[in-house]
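First the structure, in the form of structure tokens, and then the observations on it.
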Amino acid sequence: MTALITGASGGLGRALAAECAAKGYDLFLTDISEQGLLEIKHGILRQYDVAVHTQVCDVTNPREVADLFAAIDARGIELNMFLGVAGIDFEGGFTQRGCDQILDIVNINIAATLRVTHAALEHRDTSQKFNVVIVSSLASQYPIPLKATYAASKRFLLDFSIALRQELMHDNVNVLALCPAGLTTTQQALDGIAAQGFMGRVTTVSLPTVARKTISKTLAGKATYTPGAVNRLLAVFGKLLPKSLIARLLYNRWSAAQEKWLDVSA
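Here it is as structure tokens:
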């Protein structure tokens, strides 16, 4: 069994790779960071008796994605799981960021995810159940001022995942949308959690816990997973309250948090 993971050298990608290896999956890991891939490969091989293949790939580049799957074919690999972790965000309001950065969010979070998901499905082992994990976000539940493009991109991924799951259910494919809140993946993420104060702390769930439960729920055939009881409660409120009210409340929260966040990151 082989799992393909994009964005594998980041914190969430590493945690999911380790969990898949612990379940006995061979790994095909890709990221734009060659050094990051080598580090995770060596770490996995020290701990688990699995095969680990790596290839640098910019998932927004169709040629590099084609080369990635050519390498998978060359090794005679048929995939049993795909985890689309690669994603990006830029802090600051819509007009505070350049248009290229705004479009990067769409290209990486949406277009690249669709491209690699489509290719992974074409390279799956049809003799067994195929599992797909798409990393959405708790942000998918709300319109979020100052994170408008990011939240909307994650909403797209959530709706896409739910619809694709239904579409492919009879083809022995399960799709799970992972919707985490704060994750301790990078120093920037830690700064962001700290800037949010109490809400940042109570909505943060440890990476090993997220990875373990994500794979467990995926293998159990679940459709969505929002880590953390507080985050699941917040998701319910997102469905019940008027969107305009949510946007106003979140603007008040994020305007204060981002001011601290961007000061720390500067």
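Its first residue numbered 645, the sequence shown is counted upward by one per residue in our numbering.
All residues carry an ideal CB built from backbone N, CA and C; glycine is no exception.
Model, not experiment: these values are computed from the prediction.
- Do you know how far the Cα of residue 825 is from the Cα of residue 882? 14 Å
- Item | Given residue 892 as reference, the closest of 862, 875, 788 and 808 once Cα atoms are compared | 788
- Query: Looking at residue 652 and residue 760, is the spacing between their C-beta atoms short of 9 Å?
  - Reply: no
- residue 734 (DSSP reduced to helix, strand or coil): coil
- Whose C-alpha, out of 758, 664, 880 and 704, is nearest the C-alpha of residue 675? 704
- Query: Terminal residues of the continuous alpha helix (DSSP H) containing residue 686?
  - Reply: 678–691
- Item | Sequence-distant residues of the same chain with beta carbon closer than 6 Å to residue 887, five excluded per side | 787
- How many angstroms separate the CA atom of residue 680 from the CA atom of residue 701? 12 Å
- Go ahead and label residue 862 buried or exposed: buried means 16 or more other beta carbons lie within 10 angstroms of its beta carbon, across all protein chains shown. buried
- Spatial neighbours of residue 669 within its chain, please: CB distance less than 8 Å, with the 5 preceding and 5 following residues excluded, ordered by chain position. 645, 646, 647, 694, 724 and 725
- Would the segment 873–880 and the segment 815–822 be scored as touching if the rule is three or more Cβ pairs under 8 Å? no
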